[in-house]
Amino acid sequence: MEDKLFTAGEIADLSGVSVRTIRYYDKRKILKPIHYSENGYRLYNQKSVETLQKIVMLKYVGFSLEQIESMIREDKDLDLKKSLAAQKALLYEKRDHMERIIRAVEKAENASEQDAWECLVNVIQVSTEKEKLEKQYHNDENLQKRINIHNYSTAKIPWMDWIYERLNIESGMKVLELGCGNGLFWKENIEQLPDNIEILLTDYSEGMLEKARKTMECYGETLKKRNIQIRFMQMDANDLQIKGEKFDLIIANHMLYHIDNREELFRNIRNILTETGRFCCSTVGITHMQELNNFIVKFDRSIEMPFQWITNKFRLENGKEQLETVFSNVELEIQDNDLRVDNVDVIYSYAYSYPGNAADILKKREKEFKKAIAKIIKDKGTMYIHKSQGIFMCKL
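Start counting the sequence shown at 1; every next residue gets the next number (full-length UniProt numbering).
Next up, the structure:
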């Protein structure tokens, strides 16, 4: 089939689009014909069909043609299976986002007149998370941009090692993580894990859970030898329901501010902890990355800062009070950790990766932004950025 060629009409029929659309994609240089017939007809091959399928899917998800052009260029070397896997993860994210919007609308629908306005604002906030979804297709790159800045940390112990030390995981334990993401925490600490433990990794997003599963597959032989059992479960922490199991340790890293009803979640967590079990949850404080945030706001007030209103719901400053409604013993430990960054590009990349409109604005003002950062570094040697993050450790 690889040698079979299709005319514009045939490839249009295969994909359910018009010939006019095929011609337009040719004009935009995202679906160029590989040959022309003697009569001047455009000819396409199987790879062209794969590219067209990707364009159709990305348009369905809601990307603009400009964004699709960029994605097609970046993905040109991906084989079909990898491309489909990336698309599947993106569709999972779209589905998850739509379900969050539905929940927010239902909550507003059932709210009292007094609470209706707050619920309406929540619907708007959840709906505008679409821009975060659009970045998920490039998520590995953007995630790396955010991680790179933390290489300039002043902390004696890296954040994930610091968290692991406080979990006190011992042989024979049964561990549950809520919001495991791509499994990076476990990858970073795989060598430190004791033998004979059972870990249940959960996440709301099936796309992220699939990434975690693939991350752990790389260590299959090691885990088997050491009798470390890892299970995966797609689950919304807003509706935590695990029956017939108790856990010695439950973890929630940097995710509780996404939960609608935290007190209900805490009660559900209490119900599945053993008598001596612990619940450990990390979050950030109100001054986290404040110097950089202040700089960005001063540089261009139109740049959206969604992290600030998102994390307000559960921070170092208000988390203990919320946890104490359910847990009798709550301790907070804060990591001594700041950043001293002397690399202009690293700071620019971090700001560029913000969800929302940051990328669009900074792309147009890149030279100005970098020039302003360079002046700070020249005057002070580094750009100082305070990190405010810690972990709550709770017992029954």
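Glycine included, C-beta positions come from ideal geometry on N, C-alpha and C.
Rounded separation between residue i and residue j - CA only
i: N110; j: R100; result: 16 Å
i: F295; j: I163; result: 29 Å
i: L396; j: N329; result: 7 Å
i: F392; j: I169; result: 16 Å
i: T274; j: I250; result: 10 Å
i: V175; j: Y219; result: 18 Å
i: G285; j: K313; result: 11 Å
i: K364; j: G181; result: 32 Å
i: N271; j: S70; result: 48 Å
i: N148; j: V346; result: 7 Å
i: L339; j: S64; result: 36 Å
i: M216; j: L91; result: 22 Å
i: D236; j: I102; result: 14 Å
i: I269; j: R226; result: 28 Å
i: E66; j: E304; result: 21 Å
i: V49; j: S15; result: 8 Å
i: G172; j: N189; result: 17 Å
i: K387; j: L292; result: 10 Å
i: L193; j: I242; result: 24 Å
i: I385; j: V297; result: 15 Å
i: G40; j: R28; result: 19 Å
i: F327; j: M383; result: 40 Å
i: M289; j: L184; result: 22 Å
i: W186; j: K54; result: 32 Å
i: E324; j: A374; result: 45 Å
i: Y352; j: G179; result: 25 Å
i: I228; j: Y24; result: 54 Å
i: I68; j: E221; result: 39 Å
i: E333; j: F307; result: 22 Å
i: L240; j: L167; result: 21 Å
i: E368; j: E165; result: 42 Å
Cut-off 8 Å between Cβ atoms - residues of its own chain near residue i, not counting five sequence neighbours on either side
i: L43; result: L5, F6, T7, P33, I34, H35, Y36 and S37
i: W159; result: H150, S153, Q335, N337 and Q389
i: M1; result: Caution applies to M1, whose pLDDT of 44 falls short of 50 and renders its modelled position unreliable; the value that the coordinates give is listed next. Contacts found: Q46.
i: A12; result: S18, V19, T21 and I22
i: E51; result: Looking at the sequence shown, residue 51 is not Glu but Thr. So the qualifying residues of the chain are I30, L31 and I72.
i: E366; result: Y348
i: D260; result: R103, K107 and N238
i: K246; result: K174, I272, L273, T274 and G277
i: D195; result: S171, R226, N227 and I228
i: E131; result: In this predicted model, E131 has a pLDDT of only 48, less than 50, meaning its place in the structure is not dependable enough to derive any value.
Beta-carbon proximity list for residue i, same chain, < 7 Å, skipping 5 on both sides
i: A372; result: F299
i: F232; result: L201, L209, A212 and R213
i: D26; result: K32, P33 and R42
i: K370; result: V344 and Y348
i: T287; result: H386 and S388
i: I230; result: I199, L201, M216 and L223
i: E321; result: none
Buried or exposed (CB count within 10 angstroms, at least 16 for buried), residue i
i: S302; result: exposed
i: I197; result: buried
i: G244; result: exposed
i: E177; result: buried
i: P355; result: buried
i: V341; result: buried
i: Y350; result: buried
i: W309; result: exposed
i: K156; result: exposed
i: S112; result: exposed
i: Y60; result: exposed
i: D248; result: buried
i: A104; result: buried
Own chain, CB closer than 6 Å to residue i, minus 5 neighbours either side, in chain order
i: G9; result: V19
i: H138; result: Here H138 scores only 39 on pLDDT, less than 50, and its place in the model is too uncertain to base an answer on.
i: T311; result: Y257 and V284
i: Q234; result: E206 and L209
i: E331; result: M393
i: D161; result: none
Closer than 7 Å: residue i CB and nearest the ligand GTP heavy atom
i: S15; result: Absence of the ligand GTP from the depicted structure is noted, as is the absence of any ligand whatsoever, leaving it without description.
| said: For the segment 209-229 against the segment 191-201, do three or more pairs of beta-carbon atoms, one drawn from each stretch, fall closer than 8 Å, so that the two count as touching? | reply: yes
| field | the segment 315-331 in contact with the segment 366-382 per 3-pair CB rule at 8 Å | value | no
| field | At least 3 beta-carbon pairs within less than 8 Å: the segment 258-278 vs the segment 356-371 | value | no
| field | Meets three-Cβ-pair contact criterion under 8 Å: the segment 247-255 and the segment 278-296 | value | yes
| Can you give, in chain order, each stretch of the alpha helix (DSSP H) that sits fully within the UniProt domain "HTH merR-type" (5-74) and has at least 4 residues? | 8-15, 19-27, 46-61 and 65-74
| said: For a minimum of 4 consecutive residues, which ranges assigned as the alpha helix (DSSP H) are wholly contained in the segment 142-227? | reply: 159-167, 184-188, 206-217 and 220-225
| field | In chain order, each alpha helix (DSSP H) run of at least 4 residues that lies wholly inside the segment 230-280 | value | 262-271
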